[in-house]
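Enquirer: Sharing a structure with you now.
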Amino acid sequence: MEGVLSVVAGLLIGSFLNVCVYRLPRDMSVTWPGSRCTTCGHAIAWYENVPVVSYLLMRARCRHCRAGIAWRYPAVEAVTAALFLLGYLTWGPSAGAVKFAVFAALLVGMIVSDLETRILPDEFTKGGMAAGFVASFLVPIPDSVMAVFLPGVDRRVSSLVEAGVAAGLASGALWGVGVVYSKLREKEGLGFGDVKMVAMMGAFLGLPATLAAVMFGCIAGSVLGLGYIWATKKDAATYELPFGSFLGAAAIVVGLTSEGMLHWYRGM
Ligand SMILES: [Zn+2]
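In terms of this note's numbering, the sequence shown is numbered consecutively and its last residue is 707.
Put into structure tokens, the structure is as follows:
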């Protein structure tokens, strides 16, 4: 039953993320007006807005102007639902599953925003960092490194300290890399959005997992990004890589597997 609930919650949050991904980079309100066709402006009724189902029933077209609806809409809904379900299957009906769901939803929003507009909205990065600090206090980071350095301190407090240290170190390191890169190539390679994004990841994940996520994100971004530039013959000097999308995907994988890996490691 909780599994079904997590899928339904994921579909609804995914539907809201679609609104955020379209409107936040355009500085539009996410609450008003209600959903509209982006081509003809027709207000979308609730029965045209049922996640995934409406898209299939309307055969990917607006019922009024017949303009095509991007497959991104059902894809974001389905992926968010799948991640919520995976979180539930990993943590069971617990606060840990809710924490992961919040983290994953924010990352899905950033992955798609960066892919489509190369913008990581502050609502996701800064807002997500605030959410991460609250989450790290309420649901302490598993095997917090700071707990070792702060013996006798409440687990929630040491987890919050770790979230702060991870956010500061990860964003500081990435900012430093960006400064060196822009000096060397005389152009901006990393947006400040990416710096704020890794701070958000640090607030949720703590030190070791953030380090792993940034590392995987950089490797995947370099390999796949260069492969893409090569395959599509794009100009490497002007093509802007959606680095945040790679960081986000890596953070989801690490967030979902880090606890499982710790269990496996301790079992050895
Ligand atoms: Zn329309």
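Here a beta-carbon is modelled for each residue, glycine too, at the ideal position from N, C-alpha and C.
Please identify the residue among R465, V460, W485 whose C-alpha is closest to the C-alpha of G473.
Expert: Nearest C-alpha to G473: W485.
Enquirer: Suppose the cutoff is 8 Å on Cβ atoms and the five residues either side in sequence are ignored; what does the same chain contact list for V634 look like?
Expert: For V634, where only same-chain residues beyond five positions count, the Cβ hits under 8 Å are S610, L613, W614, G617.
Enquirer: Near L554, which residues of its chain fall below 8 Å by C-beta distance, leaving aside the five closest residues on each side in sequence?
Expert: So the list reads P681, S684, once near-sequence residues are dropped.
Enquirer: Between the alpha carbons of K672 and V573, how many angstroms are there, rounded?
Expert: Taking the straight line from one Cα to the other gives about 45 Å.
Enquirer: Using 8 Å as the Cβ pair cut-off and three pairs as the minimum, do the segment 560-567 and the segment 579-598 touch?
Expert: Because the criterion of three Cβ pairs below 8 Å is not met, the segment 560-567 and the segment 579-598 do not touch.
Enquirer: Relative to the alpha-carbon of Y527, which residue among G632, E441, P590 has its alpha-carbon at the smallest distance?
Expert: Of the candidates G632, E441, P590, the one whose C-alpha sits nearest the C-alpha of Y527 is E441.
Enquirer: Residues in the same chain with beta-carbon distance under 7 Å from P490, minus the five sequence neighbours each way, listed in chain order, please.
Expert: Excluding positions up to five away in sequence, the list reads L450, L451, G453, S454, E516.
Enquirer: With a threshold of 8 Å (Cβ to nearest heavy atom), would A484 be considered close to ligand 1?
Expert: Answer for A484: no, Cβ out of range of ligand 1.
Enquirer: Am I right that P464 and T556 are in contact with their C-beta atoms under 8 Å? What's the rounded C-beta distance?
Expert: Yes, P464 and T556 are in contact; Cβ-Cβ is about 4 Å, under 8 Å.
Enquirer: Using a Cβ distance threshold of 8 Å, determine whether the segment 684-695 contacts the segment 651-659, with at least three qualifying pairs required.
Expert: As far as the Cβ criterion goes, the segment 684-695 touches the segment 651-659, which means the pair count is three or higher.
Enquirer: Using 9 Å as the threshold, is the C-beta distance between A715 and A570 below it?
Expert: Residue numbering for the chain in the displayed model covers 440 to 707; residue 715 lies beyond these limits and cannot be assessed.
Enquirer: Assuming G630 is part of the alpha helix (DSSP H), what are its boundary residues?
Expert: Per DSSP, G630 belongs to no alpha helix (DSSP H) and is neither H nor E.
Enquirer: Would you say G480 touches ligand 1, meaning its beta carbon is less than 8 Å from a heavy atom?
Expert: True, at least one ligand heavy atom lies under 8 Å from that Cβ.
Enquirer: With burial defined as no fewer than 16 other Cβ atoms inside 10 Å of the residue's Cβ, what is the status of E679: buried or exposed?
Expert: By the neighbour-count rule (16 or more Cβ atoms within 10 Å), E679 is not buried but exposed.
Enquirer: Residues in its own chain within less than 7 Å of G535 by CB, not counting five upstream and five downstream?
Expert: Closer than 7 Å at Cβ, skipping near neighbours: V578.
Enquirer: For Y494 and R500, I'd like the C-alpha separation in whole angstroms.
Expert: Approximately 8 Å between the Cα atoms of the pair.
Enquirer: Less than 8 Å between the CB of A506 and some heavy atom of ligand 1, yes or no?
Expert: Yes, Cβ of A506 sits closer than 8 Å to a heavy atom of ligand 1.
Enquirer: What does DSSP give as the partner residues of A482 in its beta bridges?
Expert: Answer is R475, bridged to A482.
Enquirer: Give the DSSP-derived three-state secondary structure of G607 in the structure shown.
Expert: Here G607 sits in helix by DSSP.
Enquirer: Starting from the N-terminal side, write out each stretch of the alpha helix (DSSP H) that is 4 residues or longer and does not extend beyond the segment 559-588.
Expert: You should have 561-577, 585-588.
Enquirer: Rounded to the nearest angstrom, what separates R505 and M568 at their Cα positions?
Expert: Whole-angstrom Cα-Cα distance: 40 Å.
Enquirer: Quick one: what does DSSP say G507 is sitting in, helix, strand or coil?
Expert: Here G507 sits in strand by DSSP.
Enquirer: Should T477 go down as buried or exposed, given a rule of 16 or more other Cβ atoms within 10 Å for buried?
Expert: It is exposed - the Cβ of T477 has fewer than 16 other Cβ atoms within 10 Å.
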